[in-house]
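Chemist: Per full-length UniProt numbering, the very first residue in the sequence shown carries number 1; after that it's consecutive.
So that we are looking at the same thing, I have put the structure below in structure tokens.
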Amino acid sequence: MRTLYMKGCVCMNFIYYAYLFFIGSSFASFYYLLAARIPRREKVVWTRSKCESCHTRLGFWDLFPVFSYFYLKGRCRYCGHSLSAAYCIFELVGGIFFIQNGLHYITSPRMFLFYMFLYSILFLIAAIDQQYFIIPDSLQVILFLLLLVDRYLSGASFDKSCLYGLVGMFAVGFLASAMVPEGLGGGDIKLMSLFGLNLGFYNASFVLCFAALLGLLSISFSHFFYKRNLSSPIPFGPFLVISFWLIKEGILQL
Ligand SMILES: [Zn+2]
């Protein structure tokens with residue numbers, strides 16, 4: 001009887017996690033679409049997705065998060081055009097994030113919704129940077145306000161560490177971009193400064209180091225598996241966002 005009960009619990013947990021993953025990856029897919037269309041001033045709703053190459057309108061099973069990418073082996077079903085792996089990676093990260101957020105704030109729907117909103121803005125920032133190499137100032141302003149609210153909700157005081165983090169990370173970013181002009185962009189420096197404001201200089205510098213490591217791994221992976229040129233530019237925003245999430249949520253311990 002006890003074994004049956006345990007099996008029932010495991011099964012319910014699996015369904016719950018699968019549900020969270022599906023919702024999270026669907027949200028991430030939608031944000032990626034938003035990020036692709038908003039800068040081009042295209043309609044966001046009531047316009048079905050289509051293949052960028054053959055312009056065939058895509059059906060439900062072509063758009064099923066994560067699953068459709070692997071099922072179709074990363075290619076358009078109709079013309080065989082190779083699809084960007086970034087789409088699938090965003091959906092995967094979105095699904096994992098939703099599971100983590102759902103477990104972390106399971107007892108507080110209000111906190112769950114707040115952090116959903118905060119990380120949605122970060123997802124949009126990462127997705128726009130991934131596709132256009134820009135981070136819109138409007139999103140940075142919204143993020144600035146949300147990170148202030150986050151410090152208030154988490155009970156952290158607004159002391160000198162906020163100022164040191166903000167100014168320190170700005171100085172680090174400014175110096176890095178002065179030494180390597182093709183390196184960090186203005187949007188990256190502003191984003192790093194906001195993370196400094198929220199986490200303090202010590203934690204934010206760790207975010208920067210881990211993001212740089214992820215960037216290096218990404219470049220190496222693209223070079224060895226896709227023969228991508230090592231000098232090709234890569235967007236740094238997505239790596240900063242992932243590192244911020246891992247460190248802020250305590251998934252990556254210092
Ligand atoms: Zn196609």
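For every residue, glycine included, the Cβ atom is placed at its ideal position computed from N, Cα and C.
Would the beta-carbon of valine 207 fall within 7 angstroms of that of leucine 122?
Modeler: In the sequence shown, residue 207 corresponds to position 207, counting from 1. In the sequence shown, residue 122 corresponds to position 122, counting from 1. No, Cβ-Cβ distance for valine 207 and leucine 122 is not below 7 angstroms.
Chemist: Please classify glutamate 52 as buried or exposed, where buried requires at least 16 other C-beta atoms within 10 Å of its C-beta.
Modeler: Indexing the sequence shown from 1 puts residue 52 at position 52. So glutamate 52 counts as exposed.
Chemist: In angstroms, rounded to a whole number, what distance separates the CA positions of arginine 77 and arginine 151?
Modeler: Counting from 1 along the sequence shown, the entry for residue 77 is found at position 77. Counting from 1 along the sequence shown, the entry for residue 151 is found at position 151. When rounded, the distance between both Cα atoms is 46 angstroms.
Chemist: Taking the CB atoms as reference points, tell me whether glycine 237 and isoleucine 135 lie closer together than 7 angstroms.
Modeler: Residue 237 sits at position 237 when you count from the first residue of the sequence shown. Residue 135 sits at position 135 when you count from the first residue of the sequence shown. Yes, the pair counts as a contact, with Cβ atoms nearer than the cut-off.
Chemist: Please report how far the alpha carbon of alanine 86 lies from the alpha carbon of phenylalanine 158, in whole angstroms.
Modeler: As a first step, residue 86 is located in the sequence shown; it is residue number 86 there, counting from the start. As a first step, residue 158 is located in the sequence shown; it is residue number 158 there, counting from the start. Roughly 37 angstroms between the two C-alpha positions.
Chemist: Can you tell me whether serine 82 is helix, strand or coil according to DSSP?
Modeler: Here residue 82 refers to the residue found at position 82 of the sequence shown. Strand, per DSSP.
Chemist: Any contact of the segment 189-198 with the segment 168-179, i.e. 3+ C-beta pairs under 8 angstroms?
Modeler: With a cut-off of 8 angstroms, the segment 168-179 and the segment 189-198 count as touching, because enough Cβ pairs lie within range.
Chemist: When you measure from the CB of serine 53 to every non-hydrogen atom of ligand 1, does any distance come out below 6 angstroms?
Modeler: Taking the sequence shown and counting its residues from 1, one reaches residue 53 at position 53. Yes, ligand 1 has a heavy atom inside 6 angstroms of this Cβ.
Chemist: What span of residues does the alpha helix (DSSP H) with proline 238 cover, start to end?
Modeler: Against the sequence shown, residue 238 aligns to sequence position 238. Start and end: 237-248.
Chemist: Measuring CB to CB, does leucine 90 end up less than 7 angstroms from alanine 28?
Modeler: Position 90 of the sequence shown, counting from 1, holds the residue named residue 90. Position 28 of the sequence shown, counting from 1, holds the residue named residue 28. According to the sequence provided, residue 90 is phenylalanine. The question's leucine does not apply to it. Their beta carbons are under 7 angstroms apart, which means phenylalanine 90 touches alanine 28 by this criterion.
Chemist: Give the DSSP-derived three-state secondary structure of arginine 110 in the structure shown.
Modeler: Numbered from its first residue, the sequence shown carries residue 110 at position 110. Reduced to three states, the DSSP call for arginine 110 is helix.
Chemist: Assuming tyrosine 31 and leucine 124 make a contact with CB atoms under 8 angstroms, what is their CB distance in whole Å?
Modeler: By 1-based counting over the sequence shown, the position of residue 31 is 31. By 1-based counting over the sequence shown, the position of residue 124 is 124. Indeed, because the Cβ distance is near 5 angstroms, the residues count as touching under 8 angstroms.
Chemist: Rounded to the nearest angstrom, what separates leucine 143 and methionine 111 at their Cα positions?
Modeler: The residue labelled residue 143 in the question sits at position 143 within the sequence shown. The residue labelled residue 111 in the question sits at position 111 within the sequence shown. Each residue's alpha carbon lies about 16 angstroms from the other.
Chemist: Give me the DSSP bridge partner(s) of arginine 57.
Modeler: By 1-based counting over the sequence shown, the position of residue 57 is 57. Arginine 57 pairs with Lys50.
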